[in-house]
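Everything below concerns the one structure shown next.
Number of protein chains: 4
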Amino acid sequence: MKSRGETPLRADAARNRERVLRIAREQLAAGDDSLQLNTIARLAGVGVGTVYRHFPGRQALLEAVSSASLEKLAERAESAATGAEPLAELHELLRFALTRALNELGFAEVLESPSAADARTTALKSRFDRALGKLLRRATQDGHVRADLRASDIRRLLGGTTHALRCGPHPPRLVKTYLSTLTTSLRPT
Amino acid sequence: MKSRGETPLRADAARNRERVLRIAREQLAAGDDSLQLNTIARLAGVGVGTVYRHFPGRQALLEAVSSASLEKLAERAESAATGAEPLAELHELLRFALTRALNELGFAEVLESPSAADARTTALKSRFDRALGKLLRRATQDGHVRADLRASDIRRLLGGTTHALRCGPHPPRLVKTYLSTLTTSLRPT
Amino acid sequence: MKSRGETPLRADAARNRERVLRIAREQLAAGDDSLQLNTIARLAGVGVGTVYRHFPGRQALLEAVSSASLEKLAERAESAATGAEPLAELHELLRFALTRALNELGFAEVLESPSAADARTTALKSRFDRALGKLLRRATQDGHVRADLRASDIRRLLGGTTHALRCGPHPPRLVKTYLSTLTTSLRPT
Amino acid sequence: MKSRGETPLRADAARNRERVLRIAREQLAAGDDSLQLNTIARLAGVGVGTVYRHFPGRQALLEAVSSASLEKLAERAESAATGAEPLAELHELLRFALTRALNELGFAEVLESPSAADARTTALKSRFDRALGKLLRRATQDGHVRADLRASDIRRLLGGTTHALRCGPHPPRLVKTYLSTLTTSLRPT
DNA sequence: CATGAATGAGAATTCATTCAT
DNA sequence: AATGAATGAATTCTCATTCAT
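Residue numbers (the numbering used here), protein chains in the order written: chain A, 1 to 189; chain B, 1001 to 1189; chain C, 2001 to 2189; chain D, 3001 to 3189.
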């Protein structure tokens, strides 16, 4: 039994894993965030057991589906953290995150959750939080952002805005408006 | 068939209705927002059918439970709409609504929803929206609030803030902070 | 809601209950003691939910199926307890119990179990134990039975004998032999 | 294909076999007699396939785990068969067997079963049966034991006693008592 | 020989809603 | 009006066994 961080999957296992992920993404794209493992297994043409082997539950699958976006977001945050204009960077980061959260059902859930099923998710969120925290501090020192908000608060407030948009019609104009309220909401009082 | 505006209930029917509502409130207070009609019927000591007669589904029951708070909120909004200082009135109204939404599971759901199962709920929300709309206009004219927000947006943003608070720990300090971001978020850009 | 010990069932409910019990008995008679509620529901032509309403689990169903025999056994024990010849009564009681346990799959399980799912089962076992205890004391005083055995031990030893017979072929002759060893086993040393 | 009586195992195969057996024993010692081959494989750090290669099923594994005890028991029986006092030897043999059966989950199952998955088990049981049969005959001739019991019956009755003890609490005193009933049960009527 | 991914039937249980009583 | 029995699809998860690598 070889021990290493990332176990390389056997070719067929990797193929199945991808199939499941693809179907899961399709389900989410179709507006169904229940992610029933049985249904997904059937649609993916694999046994239920296979799905359970790769993803021990809905949450794990959700995190796997969102991991690419989460990583992308973390990268964005890291690059933003060192940008010349903290406030502008922060706004752009929020815009990016909100867009993703709106277009990828389930992403907000992962982002706002205080816990995670998979250690990799926790790690990615930490990366994001660290970078965002740095960005926040810089923006705060510039007097642009209130000082009592932590990275986790931003994640939660993002989730809140996503929720507000999702619970009714959300034409582009409204998305823009709510995003604007979100950025405004961070100003010092 | 008698003609009536508000259906007068037979004494025993009214008693049953109240029992069901009381139990539903208890369940919500206990942190269970699933509002399973079977369970509620059992706890209330009535048949499921009786619950269904009074409330044709979870949503209807939820709205009935929240109606008192919703009415209270509408009244507050109406009184706020004519207050001397629109902005202060608005803030106080938001504080009140958020507090209720946090303490009464299900209230935010009713408040933010674009639809309703019961006509009375729709009516109450309209009352609220009309009053809040008036207040918003006044605050906007004072230059305190951005002009592109309608009453329904405020309800949705309130729901968003509630969601953000509920998805993690929310000690009083955080509630205060998030409320503050909510009020700030309405400022013109 | 009327309160009483034995709720009388609605006619159709009673019919369903009986159907389920009949099928359960058939399954047991066919040598299947798994008593899968799904299967039983299907065979009985009722919904699974109906089975669960009447019997909240395998154990409850098993006890319901065995209750008639258990009651009969308790009655026998009560009558035996006052018989003229304690030892003969005891032997006959054991013979009766063993016969039942062999012919009714599941009965031994209920009889030997230290716990019960249904209060009625507990009550019946208590009745049996009291009567058997009395009989044991009388037989002990006559010097026919060792003094360190309680009624629950007899139930367990009966279960043991049943087990020994069931785990291999058990033609009538062997049943008789093992029953004989059981009665012999109670003698003082 | 090499011809062989006892298959000599390759060193690593032997090591794997031992690992699996060790884990299986641990599981049983921990009170889990389900012996799920997947679980055992994982705990042993080998693939399921490896477990299946060595032991084609739960029963085979169980027998392998119990084989040492079974052999020990056969030896005891053989030595007992030639002892000076058949009855005393028999009692001691029963005491030994019962103790093992109680302390080693699964041993009673192997002992009482009329069939076996592995030929070695069958052989060991035959050895035991032959020796015990001899002992029984001697004890019978002495008038201490009833004549209608065969070795297989003793195995079954032992299993019964084990079952009776296992289905409830079994403090040492009770073990002693039930063992006493077992030995008593063999007396001629 | 060893591996462990895959299988997929199957088991247990729940719950929203209907409708006969 | 009230009752609560019945429904049964739906959901979650397990595990013995096979077989491709």
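Glycine is no exception: its CB is placed at the ideal position from the N, C-alpha and C atoms. Note that the structure is predicted; figures quoted are calculated from it, not measured.
Residues of chain A with CB closer than 9 Å to the CB of residue i, please, in chain order.
i, result
"residue 1056 (chain B)", "By Cβ distance, chain A contributes nothing, its closest Cβ being about 22 Å from residue 1056 (chain B), past 9 Å."
Is residue i close to chain B? Criterion is C-beta to C-beta, closer than 8 Å.
i, result
"residue 157 (chain A)", "yes"
"residue 180 (chain A)", "yes"
"residue 140 (chain A)", "no"
"residue 2 (chain A)", "Here the model assigns residue 2 (chain A) a pLDDT of 37, short of 50, so the residue's position is not dependable and the matter cannot be decided."
"residue 45 (chain A)", "no"
"residue 11 (chain A)", "no"
Is there a C-beta anywhere in chain A that falls below 8 Å from the one on residue i?
i, result
"residue 1164 (chain B)", "yes"
"residue 1100 (chain B)", "no"
"residue 1050 (chain B)", "no"
"residue 1016 (chain B)", "no"
Under 8 Å Cβ-Cβ, which residues of chain B neighbour residue i?
i, result
"residue 114 (chain A)", "1167, 1168 and 1169"
Can you round the beta-carbon distance between residue i and residue j to whole angstroms, since I take them to be within the 8 Å contact cut?
i, j, result
"residue 100 (chain A)", "residue 136 (chain A)", "19 Å between Cβ atoms; not a contact."
"residue 1184 (chain B)", "residue 184 (chain A)", "6 Å"
"residue 3076 (chain D)", "residue 3055 (chain D)", "The pair is not a contact, with the Cβ atoms about 26 Å apart (cut-off 8 Å)."
"residue 2090 (chain C)", "residue 2139 (chain C)", "5 Å"
"residue 1114 (chain B)", "residue 160 (chain A)", "The pair is not a contact, with the Cβ atoms about 17 Å apart (cut-off 8 Å)."
"residue 2102 (chain C)", "residue 2175 (chain C)", "7 Å"
Compare the C-beta of residue i against all C-beta atoms of chain D and say whether one is closer than 8 Å.
i, result
"residue 2033 (chain C)", "no"
"residue 2185 (chain C)", "yes"
"residue 2106 (chain C)", "no"
"residue 2005 (chain C)", "Because residue 2005 (chain C) carries a pLDDT of 42, less than 50, the predicted location of this residue cannot be relied on, and no value is offered for it."
Give every residue of the same chain whose Cβ lies closer than 6 Å to the Cβ of residue i, excluding the five residues on either side of it in the sequence, and list them in chain order.
i, result
"residue 1059 (chain B)", "1117"
"residue 144 (chain A)", "87"
"residue 134 (chain A)", "81"
"residue 127 (chain A)", "74"
"residue 2050 (chain C)", "2016"
"residue 1129 (chain B)", "1151"
"residue 2078 (chain C)", "2131"
"residue 2027 (chain C)", "none"
So is the beta-carbon of residue i under 7 Å away from any non-hydrogen atom of the ligand MG?
i, result
"residue 77 (chain A)", "As presented, the structure is devoid of all ligands, the ligand MG included, so that no description of it is given."
In chain A, which residues lie with their C-beta within 8 Å of the C-beta of residue i?
i, result
"residue 1148 (chain B)", "177"
Is there a Cβ from chain C that is less than 8 Å from the Cβ of residue i?
i, result
"residue 3122 (chain D)", "no"
"residue 3082 (chain D)", "no"
"residue 3039 (chain D)", "no"
"residue 3172 (chain D)", "no"
"residue 3019 (chain D)", "no"
Sorted by chain position, which residues of the same chain lie with C-beta nearer than 8 Å to residue i's C-beta, five sequence neighbours on each side aside?
i, result
"residue 94 (chain A)", "154, 158, 179, 182 and 183"
"residue 2022 (chain C)", "2044"
"residue 47 (chain A)", "41"
"residue 57 (chain A)", "37 and 117"
"residue 1018 (chain B)", "none"
For a contact meaning CB atoms closer than 7 Å, what does residue i contact in chain A?
i, result
"residue 1160 (chain B)", "160, 161, 163 and 164"
Can you list, in chain order, the residues of its chain whose CB lies under 7 Å from that of residue i, leaving out five sequence neighbours each side?
i, result
"residue 1186 (chain B)", "1145, 1146 and 1149"
"residue 1083 (chain B)", "1089"
"residue 1024 (chain B)", "1035, 1040, 1061 and 1065"
Taking 8 Å as the cut-off, does the stretch 1103-1116 of chain B touch the stretch 1053-1066 of chain B (at least 3 CB pairs, one atom from each stretch)?
yes
Any contact of the stretch 1151-1168 of chain B with the stretch 146-166 of chain A, i.e. 3+ C-beta pairs under 8 Å?
yes
Does the stretch 1120-1128 of chain B come close enough to the stretch 1142-1150 of chain B to have 3 or more Cβ pairs within less than 8 Å?
no
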